[in-house]
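S.K.: Sequential numbering from 1 applies to the sequence shown in my numbering.
Glycine residues also receive a C-beta, built at the ideal position from the N, C-alpha and C atoms.
Values in this document were obtained by computation on a predicted structure and should not be read as measured data.
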Amino acid sequence: MTQPPTPPKGTSAAAFTLTGLAAAFGVASCCALPILLISAGGSAAWLGGIAAVTAPYRMPLLLIGTACLIVGAVLLVRQQRSAVHCGRAGVRTPRAMRILTLAGLLLGAALLWAGYRYV
1 MTQPPTPPKG
11 TSAAAFTLTG
21 LAAAFGVASC
31 CALPILLISA
41 GGSAAWLGGI
51 AAVTAPYRMP
61 LLLIGTACLI
71 VGAVLLVRQQ
81 RSAVHCGRAG
91 VRTPRAMRIL
101 TLAGLLLGAA
111 LLWAGYRYV
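#1: I need the boundaries of the alpha helix (DSSP H) containing V53, first residue and last residue.
#2: Throw me the rounded Cβ distance for the T54 and S29 pair, which I believe falls under 8 Å.
#3: Roughly how far, in whole angstroms, is the beta-carbon of G115 from the beta-carbon of A24, given that I think they are within contact range, below 8 Å?
#4: Quick check on the DSSP output: the alpha helix (DSSP H) that includes V27 runs from which residue to which?
#5: Am I right that A22 and T101 are in contact with their C-beta atoms under 8 Å? What's the rounded C-beta distance?
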């Protein structure tokens with residue numbers, strides 16, 4: 001009897017990263033993203049509704065975003081160590097997923113910093 005394929009491991013790091021990225025986007029939508037989009041020649045009118053909802057929750061979103069990104073980074077480091085020690089045969093998390101998680105962590109950290117800095 002064949003067993004059904006198991007989902008790829010490493011989804012917890014990606015989930016924490018996406019949660020941190022969403023919180024960072026909420027923090028940055030108030031001031032930082034409109035400044036960046038307008039200076040790049042874009043429109044920031046669509047951010048008004050998001051900024052109005054997230055502005056009163058700026059500090060909780062900063063804390064949640066920071067905590068989720070830190071947990072996501074710790075889990076990503078554990079995945080990378082596992083990939084190095086086990087070799088190709090023992091890698092449970094696909095390389096593309098680890099790269100996308102790292103990109104999300106970097107983007108989330110940049111958005112959190114911008115949301116904190118440009119108030």
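M.R.: Reading from the atomic positions:
#1: Locating residue 53 in the sequence shown gives position 53, counting from the first residue. Per DSSP, V53 belongs to the alpha helix (DSSP H) from 47-54.
#2: Stepping through the sequence shown from its first residue, residue 54 is reached at position 54. Stepping through the sequence shown from its first residue, residue 29 is reached at position 29. That pair is a contact at about 6 Å.
#3: Stepping through the sequence shown from its first residue, residue 115 is reached at position 115. Stepping through the sequence shown from its first residue, residue 24 is reached at position 24. About 6 Å; that satisfies the 8 Å criterion.
#4: Position 27 of the sequence shown holds residue 27. Per DSSP, V27 belongs to the alpha helix (DSSP H) from 11-28.
#5: If you number the sequence shown from 1, residue 22 lands on position 22. If you number the sequence shown from 1, residue 101 lands on position 101. About 14 Å; that fails the 8 Å criterion.
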